[in-house]
Amino acid sequence: MGTIWVYAEASGGKVASISLELLTRARQLADTVEAVVGGDGEPVAAELGAHGATTVHATGDLAGGLAGPAVASAMASAIEAGAAPDAVLFGTTYDGRDVAGRLSVKLNAPVITNIVELEQADGALVGTEPVFGGTVNVSTRFNGSGVGLFLVRPKSFAAEESGGGPAAVSALPVPDLGATGAARVVDRFAEESSGPKLDEAGVVVSGGRGLGEAEKYSMIEDLASILGGAAGASRAIVDAGWVPYSHQVGQTGKVVKPDVYVACGISGATQHMVGMKGSKNIIAINKDAEAPIFGIADLGVVGDVHKVLPKLIEALQARG
Amino acid sequence: MDIVVCVKQIPDPADPGELDPETKTLKRDMKLILDESDSYGVEMALQLRDAAGEGEVTLVSMAPNEEVNGLRSALAMGADKAILVSDEALAGTDALGTARVLAAAIGRAQADLILAATESSDGYTGTVPEQVAELLGLPSVTFAKEIEAESGEVVVKRQTEDGYDEVRCPLPAVVSVTAGVVEPRYPSFKGIMAAKSKPMDQVGVADLGISPDQVGWAGGGQEITDVSPAPEREAGEIITDEGDAHERIIALLEELRIV
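The listed protein sequences derive, respectively, from chains A and B. Take 14 as the starting number for the first sequence in this note's numbering and just add one per residue. Take 13 as the starting number for the second sequence in this note's numbering and just add one per residue.
Right, here's the structure in full:
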């Protein structure tokens, strides 16, 4: 395959791990890998280059504009002017989905979404998407003549350095966006969080409806903190307003693959399982012996989280 | 303030059904219900309409089989009317085709603001709201946690990796709403009764000026090459708590060198 573009995201000069994962996979599939950045290219050129990008096409500062319309328009203009990537890879992130959606309309090409595997077959890219909570894999081939667009879920590939030097920075002009570019970020707020990020933590402790009430979520946070991990949640308790969306593990939330995942009072809806079944070890505590989560747990405890968790927390605290 | 809410009617997630072996798409020939993800957009729309003190909430939905069950649920919550695009030609339509249909249907309604869920619970591509915005030539803000309408614009708290961004966006605009950010109301008995007589405009793709070959499976530009069971994860040891299960958990954590 000739050229793959990777939409690369960065925060504070550091490239997102999903973008490094995509670059790593892209260079195994294509002769040339180039990154596209909605922002300045210089601060990220070294890290992108070290993971296989030869060039970074950068829009420059978006001045508060959202990435979706700006980056999609810039990519579409470059393609119209002769750039010919065989495919563009995006992470399933807030901005990744925006850019992919806008670009798909501009190129009149489908986006193949929720990809966890990407392979080449007969000169075309084939993406595999898990459905029904990851029990069935569906492989989809892009059979259009233009550019194949793929939205890839985080943690699908391991990020590895290629040993390449810094990527060459090339300006990617953003055309006039008209009304589509009218939204402006006027302020940014960082939520306070201690400990590792949910999708980077070695241990994730998650709570579900079985906790019974919002206040009991503190047990999840306590256990996560003792184990040096992050606290997650099922969609049920996010929808119920007990914890913010940023804690959600699952199809609609974060995909996590920690060394140890502790599911507390989570029955194991397909929506949840697809986000955590890649964990190396799964410990589940649930009072319903028939809960689907026990079907994938390495250690399943049929018991009441209100009894097991306090004892577990106390015993771990006693160890100091 | 006139608001359009895009809603999807899906198979009950508790019984999601199966893939059609021929088309390899999800079978939707059973009774469909309102996607729970969409109840947040509906609630948000009702709150914004009521705060503005004027305007209508119009539901826009697409289904291959004339299903109205989910739309009635949202009308019972308090939406004013619905447009249903129902056509056999729509079976197997992908996200881009769906966006085309919704954008054309939205064109039939008055809209200052178009709301949608961030993604459906069954297909979960998460690209439709942005595709609709691009097709309509409108600005958009996705992953909204909170929306406030001010004169001619919305102020949106948009979820980010680190927290949230405050985004100002002039109307008309498309905003996608994250689940769990408002408490969807339960329909009252009065609401359920009233829903039965609310206007339901049912149209086909031809009525929207869309050619049948732009939608459905043929319009997709992609081909499913394989459907296979995922490698199963083996269940491990299952124990029943007799008051000492925490010790077994700690032993495993020690074995894994976590503690």
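From the three backbone atoms N, C-alpha and C, an ideal C-beta is built for every residue, glycine too. Since the structure is predicted, the reported quantities are computational estimates derived from the model, not experimental observations.
For the segment 105-137 of chain B, the beta-carbon criterion of a distance under 8 Å to any beta-carbon of chain A is satisfied by Asp-106, Ala-107, Leu-108, Ala-111, Thr-130, Glu-131, Ser-133, Tyr-136, Thr-137.
For Asn-81/B, no beta strand (DSSP E) segment is defined; the enclosing uninterrupted segment is the alpha helix (DSSP H) at 81-89.
Taken atom to atom, the span from the alpha-carbon of Lys-320/A to that of Phe-307/A is near 18 Å. Residues of the segment 207-239 of chain B that bring their beta carbon within less than 8 Å of a beta carbon in chain A comprise Gly-232, Gly-233, Gln-234, Glu-235, Ile-236, Thr-237, Asp-238, Val-239, in sequence order. With respect to Ser-73/B, Leu-87/B sits apart: the two C-beta atoms are not nearer than 7 Å.
Against Glu-158/B, chain A offers no close residue; the least beta-carbon distance is about 12 Å (beta-carbon pairs closer than 8 Å). The DSSP-derived three-state label of Met-13/B is coil. Annotation: Cβ neighbours of Pro-143/A in chain B (cutoff 8 Å, chain order): Ala-242. DSSP links Pro-23/B through a beta bridge to Leu-44/B.
At a cut-off of 7 Å between beta carbons, Tyr-258/A contacts chain B.
Under the 7 Å criterion on CB atoms, Ile-17/A is classed as non-interfacial with respect to chain B. Under the three-state reduction of DSSP output, Val-318/A falls in the helix class. One alpha carbon belongs to Gly-220/A, the other to Leu-220/B, and they sit about 46 Å apart.
Minimum Cα-Cα distance from Gly-81/A among the listed residues Asp-111/A, Ser-90/A, Ala-94/A, Phe-103/A corresponds to Asp-111/A.
Between the segment 42-52 of chain B and the segment 113-131 of chain B, the count of Cβ pairs shorter than 8 Å is three or higher; the stretches touch.
The CB of Lys-20/B never comes closer than 7 Å to any CB in chain A; the least such distance is about 14 Å.
Across the structure, Thr-67/A and Gln-284/A are spaced so that their CA atoms are roughly 38 Å apart.
Under DSSP, the beta-bridge partners assigned to Glu-142/A are Val-151/A. Beta bridge pairing from DSSP links Asp-177/B with Arg-201/A, Arg-170/B.
One finds Phe-307, Gly-308, Ile-309, Ala-310, Asp-311, Gly-313 in chain A with Cβ atoms closer than 9 Å to the Cβ of Ala-247/B, taken in chain order. Chain-order list of chain A residues neighbouring Thr-172/B: Tyr-107, Arg-201, by C-beta distance under 8 Å. Closer than 7 Å to the CB of Glu-178/B there is at least one CB belonging to chain A. Secondary structure of Lys-267/A (DSSP, three-state): strand. When secondary structure is reduced to three states using DSSP, Ala-23/A falls in the strand class. The alpha-carbon of Leu-183/B is positioned some 42 Å away from that of Leu-224/A. Here DSSP, grouped into helix, strand and coil, assigns Ser-200/B to coil. Straight through space, the alpha carbons of Ile-17/A and Val-49/A are spaced by roughly 10 Å.
Contact between Val-124/A and Leu-185/A fails: their C-beta atoms lie close to 20 Å from each other, not under 8 Å.
Taking all protein chains shown into account, Ala-243/A has 16 or more neighbouring C-beta atoms within 10 Å of its C-beta and is therefore buried. In the DSSP annotation of this structure, the continuous segment of the alpha helix (DSSP H) that includes Pro-56/A starts and ends at 55-63.
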